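Per my numbering, residue 38 is the first one in the sequence shown, and the count goes up by one each step.
C-beta atoms are modelled at their ideal positions from N, C-alpha and C, and glycine is treated no differently.
This one's a predicted model, so the numbers in the text were calculated from it and none came from an experiment.
Structure record follows, encoded as structure tokens.
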Amino acid sequence: MATGRNPSGAASQRKSGPPANPFKSYNFYVEVGGIVVGGFTTVEGLQSKIEVKSVRQGGVNDLEYKLGGQVTYVDLVLKAGITALDPMWLWYQAALNGKIKRQNGSIYLLDDEGNPTVSWNFYNAWPIEWQGPSLDAGQNLVASQSFTLAHEGIKKNSGSGG
38 MATGRNPSGA
48 ASQRKSGPPA
58 NPFKSYNFYV
68 EVGGIVVGGF
78 TTVEGLQSKI
88 EVKSVRQGGV
98 NDLEYKLGGQ
108 VTYVDLVLKA
118 GITALDPMWL
128 WYQAALNGKI
138 KRQNGSIYLL
148 DDEGNPTVSW
158 NFYNAWPIEW
168 QGPSLDAGQN
178 LVASQSFTLA
188 HEGIKKNSGS
198 GG
């Protein structure tokens, strides 16, 4: 039965667009205040949630309306190896001394060639927690630390990474 389409010609008529393969999660960098602040091994907390409010109408027992409420954001946790140059520690140390400096930042996901593809911008962030390395003479692991950042929102950008 003929359908009126030419299956062999369909592929040649497709428009080329961005690659369909997903990006790899290990290929990223973090920028705070316009400066790349370190080679992080993990970034956790790229998460937001919209509160759901349920509303019922009196006398109608089989219907429930769902309305959107406030948006909440999870704190970001950045983990990295300890190095001699440590701008994140200096930022945290200033906060410990009562000099809280809120800064905007970005997390850039890179393609296989190292070009920014997708990014997440976070706003008015400041370090609220530091966790130092677990030291163990019986291991040969890299000494690592983590910084937790409170922030006021995340926005995703696609395309050129900016």
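Neighbourhood of residue i by C-beta, 6 Å cutoff - its chain only, sequence neighbours within 5 removed
i    : result
P124 : V74
Pair within 8 Å by beta-carbon distance, residue i and residue j
i    : j    : result
P164 : T185 : yes
G190 : Y102 : no
K116 : F60  : no
A180 : I119 : yes
Neighbour-count burial assignment, residue i, 16 or more Cβ in a 10 Å radius
i    : result
L142 : Correcting the residue identity first, residue 142 is Gly in this sequence and not Leu. The residue is buried, with at least 16 neighbouring Cβ atoms inside 10 Å.
Q168 : exposed
L113 : buried
H188 : buried
V69  : buried
Q207 : Since the first and last residues shown for the chain are 38 and 199, residue 207 lies out of range.
Close-in-space but distant-in-sequence residues of the same chain around residue i (CB under 8 Å, 5 per side omitted)
i    : result
F65  : F77, V80, I144, Y145, L146, L147
Y129 : P164, W167, F184
Limits of the unbroken alpha helix (DSSP H) element including residue i
i    : result
L186 : It is not in any alpha helix (DSSP H) - L186 instead sits in the beta strand (DSSP E) that spans 181-187.
Unbroken beta strand (DSSP E) run spanning residue i, endpoints
i    : result
Q107 : 101-110
Local conformation of residue i per DSSP, three classes
i    : result
Y160 : strand
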